[in-house]
Ligand SMILES: Nc1nc2c(c(=O)[nH]1)N[C@H]1C(S)=C(S)[C@@H](COP(=O)(O)OP(=O)(O)OC[C@H]3O[C@@H](n4cnc5c(=O)[nH]c(N)nc54)[C@H](O)[C@@H]3O)O[C@H]1N2
Ligand SMILES: Nc1nc2c(c(=O)[nH]1)N[C@H]1C(S)=C(S)[C@@H](COP(=O)(O)OP(=O)(O)OC[C@H]3O[C@@H](n4cnc5c(=O)[nH]c(N)nc54)[C@H](O)[C@@H]3O)O[C@H]1N2
Ligand code: SF4
Ligand SMILES: [Mo]
């Protein structure tokens, strides 16, 4: 008889970190339910968390190291893989210097605590400066602004959802993504609560989203013009005579320079490019100023535009000067249990480290992914010759994928540490079986544990729910062994390397990570493993306090909030040029990104239920009027062309899109990964073929790639391909998904 047991854990797919309850029969998870006893998520979870075990047990999961031999892949022992990779890394370092070796840290392992830490430790241990990270695809603008305004990238105010009377959210769709830079399980319900208590919620977005259908009011904005919306908002706030109150003004500086910066941006001028009527903007400013606690919030819709840094700066400045920052109902600054704001302090007087390519600045010691292809292709000192991918799928998720794929072919060594043989690893030299989060012990990732971006502060721990599959190993163990084989030490310290190696042993179980987490927990005064194991439903921490931040917890050199950092002020001419360009581009179609319920970046399409029926492809969505103007009908196959490339896919016409804006979900284009037997049969296309890379295409200061507001043309596709009507059946375990 098989024994049925239950184990509690928390989800590590997105920032909500929902509590889950897994039902096991023997060593197999047969069902995952939301954990009703979890102190924050209280019985909420989404389809991705509830089907996580089906990805862990995917028939395409890699469970032993693979080496490329004669164009195919053959299983090899761990020892051989590590020795050979280590020897190559050592050689490259000797011949070409440490900067010839880099790592790409993907998003999925970044949602755990230890894998990102060890990836950083490996790169710095090798003496390299080449850590590529997905931050330049989603949020580096927020980090660089926080450095300058508050003194550390880790200080990220978030809306006080429980008390706000007015939330204006720009470029965010919580019903689908569950939000970013705030951990909020069941966001729609929490947002509806704002309306229930008489508050207002406003969505500013070129697409009327699934969220706007359930809560709040929607305002259309033309793609990539948010910075002008923010500037006009600030202009109008100042026009009402708002100045920081006496108490506030002693906690901040730069008000006059900020006011000067916004002077030219009247609502009428902004309206020319945003499409938001000046009177509508003034009403929003009224609502914001009249509310007893209001917050402006933005997310990737803004971050991935061409001026996400200025937009976020101005947003934060508005929240600050109106007294909404650090106020009940405004925005709050959480406290992590492991507060590292001082350790990550930004020195505005110090020179910013730059990448080899185009002098692009590093952000939190990471290189923007937009120069990865150049780093491989451009000869010269420090040319990148070896790349270790720790999760992630850059060939689908980074701008100008076609070029990146070509560049990957030039690498002397490409190693993927992953669950599956994905598109980026199509020609990898080695594929090493990493761990699924259900197999890892964990505390919540850095935003929660160190930065405290939580309306309901919680600390939690999970033991692994399942053992490591086959010969899979945890990422920290793999990275330690690679360092050893390359003759280097974690963070360059022999002692740290020795201790970590002792803790991890042969890596066949997760005791190493448990020891590490227990140590971190003790440092955070949360007790050892025994104490952690009591946190299966999470432990509520002290509530976020209004009035605890300004004048108290900033880590700028003078302790003041800097409303007008010098290098941001210098972006004024760029802003003017962007405005002129936006004026010229008013008649052109602009492409924006969007997320889907059944896609999580690039890694959920290898599951039959996620891609069944109409979901076997992504679609371009366009306003019907734009369709009529181009003679296009719903269901037509269209060609979408940008300066960078073109893709062909089916069209959907919907008035959810603003006129002039089209949208195309990213993370598709799996045809080059035959090892993903389901995904490779899907017909969706890679949106990042259309986005540009290279230093000149990146936002200055943040190095963000522009993934929103890409000028495109859409025409009828000439060659109509015969598409498979449905994915061919493959023997696959029963999927539990329900739509
Ligand atoms: N289901 C699902 N959930 C996810 C993910 C996923 O792929 N699928 N990804 C996860 C990750 S890695 C992240 S970083 C978070 C991101 O989470 P969010 O940043 O909250 O992302 P979205 O909810 O997609 O919101 C982005 C919105 O911006 C809008 N937008 C696009 N361009 C513009 C523009 O120029 N201006 C304005 N104002 N809006 C614009 C889009 O229409 C979209 O509705 O989501 C996470 N959650
Ligand atoms: N055009 C456009 N491009 C975008 C975006 C957009 O909105 N528009 N969004 C961007 C955003 S927000 C992000 S965060 C990036 C994401 O970019 P990436 O991180 O590069 O891509 P993902 O699809 O998240 O990574 C999927 C891979 O991680 C592996 N994986 C999953 N879990 C684990 C694990 O625990 N360990 C290991 N070792 N591997 C694991 C999966 O098997 C899969 O192969 O994409 C960005 N790209
Ligand atoms: S909302 Fe995010 S954290 Fe919660 S179950 Fe879904 S994917 Fe997991
Ligand atoms: Mo992301």
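Numbering (the numbering used here), first residue to last: 12 to 750.
Every residue, glycine too, gets a C-beta built ideally from N, C-alpha and C.
For clarity, every value in this text was computed on a predicted model and none was experimentally measured.
Using the three-state DSSP reduction, which class does residue i fall into: helix, strand or coil?
{"i": "residue 214", "result": "strand"}
{"i": "residue 433", "result": "coil"}
{"i": "residue 78", "result": "strand"}
{"i": "residue 124", "result": "coil"}
{"i": "residue 472", "result": "coil"}
{"i": "residue 675", "result": "coil"}
{"i": "residue 608", "result": "coil"}
{"i": "residue 455", "result": "coil"}
{"i": "residue 668", "result": "strand"}
{"i": "residue 638", "result": "helix"}
{"i": "residue 700", "result": "helix"}
{"i": "residue 39", "result": "strand"}
{"i": "residue 655", "result": "coil"}
{"i": "residue 143", "result": "strand"}
Taking the C-alpha atoms as reference points, what is the distance between residue i and residue j?
{"i": "residue 307", "j": "residue 102", "result": "51 Å"}
{"i": "residue 414", "j": "residue 178", "result": "40 Å"}
{"i": "residue 720", "j": "residue 655", "result": "13 Å"}
{"i": "residue 188", "j": "residue 197", "result": "11 Å"}
{"i": "residue 321", "j": "residue 208", "result": "33 Å"}
{"i": "residue 32", "j": "residue 548", "result": "10 Å"}
{"i": "residue 25", "j": "residue 122", "result": "7 Å"}
{"i": "residue 684", "j": "residue 83", "result": "13 Å"}
{"i": "residue 402", "j": "residue 120", "result": "6 Å"}
{"i": "residue 386", "j": "residue 535", "result": "39 Å"}
{"i": "residue 256", "j": "residue 454", "result": "40 Å"}
{"i": "residue 18", "j": "residue 485", "result": "20 Å"}
{"i": "residue 643", "j": "residue 314", "result": "31 Å"}
{"i": "residue 95", "j": "residue 85", "result": "14 Å"}
{"i": "residue 114", "j": "residue 426", "result": "9 Å"}
{"i": "residue 150", "j": "residue 287", "result": "25 Å"}
{"i": "residue 214", "j": "residue 513", "result": "51 Å"}
{"i": "residue 254", "j": "residue 577", "result": "21 Å"}
{"i": "residue 108", "j": "residue 395", "result": "10 Å"}
{"i": "residue 252", "j": "residue 238", "result": "22 Å"}
{"i": "residue 363", "j": "residue 376", "result": "10 Å"}
{"i": "residue 297", "j": "residue 452", "result": "48 Å"}
{"i": "residue 646", "j": "residue 612", "result": "24 Å"}
{"i": "residue 325", "j": "residue 269", "result": "9 Å"}
{"i": "residue 223", "j": "residue 229", "result": "6 Å"}
{"i": "residue 348", "j": "residue 464", "result": "11 Å"}
{"i": "residue 147", "j": "residue 65", "result": "30 Å"}
{"i": "residue 271", "j": "residue 346", "result": "33 Å"}
{"i": "residue 590", "j": "residue 284", "result": "7 Å"}
{"i": "residue 381", "j": "residue 508", "result": "32 Å"}
Kindly list the residues whose CB is nearer than 8 Å to the CB of residue i, restricted to its own chain and excluding five residues on each side of it in sequence; keep chain order.
{"i": "residue 302", "result": "175, 176, 177, 210, 211 and 340"}
{"i": "residue 356", "result": "162, 163 and 566"}
{"i": "residue 263", "result": "255, 331, 332, 561, 571, 572, 573 and 574"}
Grab me the residues of residue i's own chain with a C-beta within less than 6 Å of its C-beta, minus the 5 sequence neighbours each way, in chain order.
{"i": "residue 243", "result": "276, 278, 281 and 292"}
{"i": "residue 690", "result": "616, 617 and 681"}
{"i": "residue 45", "result": "54, 55 and 56"}
{"i": "residue 142", "result": "114, 134 and 377"}
{"i": "residue 369", "result": "706"}
Looking only at its chain, what residues have a beta carbon closer than 7 Å to the beta carbon of residue i, apart from the 5 residues adjacent to it on each side?
{"i": "residue 635", "result": "664 and 666"}
{"i": "residue 6", "result": "An answer regarding residue 6 cannot be provided, because it is not within the stretch 12 to 750 covered by the chain."}
{"i": "residue 515", "result": "487, 488, 491 and 523"}
Is residue i near ligand 6, with its Cβ less than 7 Å from a heavy atom?
{"i": "residue 319", "result": "Because ligand 6 does not appear in the structure shown, any question about it cannot be addressed here, the ligands present being ligand 1, ligand 2, ligand 3 and ligand 4."}
>> If we require 4 or more residues per run, which alpha helix (DSSP H) segments fall completely within the region 509-562?
In response: 522-534 and 540-544
> At which residue ranges does the region 246-276 contain complete alpha helix (DSSP H) runs of 4 or more residues, listed in the order of the chain?
Replying inline: 257-260 and 266-273
> What runs of the alpha helix (DSSP H), each 4 residues or longer, lie entirely inside the region 279-326?
Replying inline: 289-301 and 311-314
> Which runs of the beta strand (DSSP E), 3 residues or longer, sit entirely within the region 148-196?
Replying inline: 177-181
> Would you call the region 404-414 and the region 697-716 touching, i.e. three or more CB-CB distances under 8 Å?
Replying inline: yes
> Touching or not, the region 43-58 and the region 73-82, by the rule of three or more beta carbon pairs under 8 Å?
Replying inline: no
> Using 8 Å as the Cβ pair cut-off and three pairs as the minimum, do the region 578-594 and the region 499-512 touch?
Replying inline: no
> Touching or not, the region 514-527 and the region 471-484, by the rule of three or more beta carbon pairs under 8 Å?
Replying inline: yes
>> Threshold first: 3 residues or longer. Then list the beta strand (DSSP E) segments lying entirely within the region 380-407, N to C.
In response: 397-401
> How do the region 481-495 and the region 125-135 stand: do at least 3 beta-carbon pairs fall below 8 Å, yes or no?
Replying inline: With the cut-off at 8 Å, the region 481-495 and the region 125-135 touch.
>> Please give me, in chain order, every unbroken run of the beta strand (DSSP E) with length at least 3 that falls completely inside the region 65-111.
In response: 77-80 and 83-86
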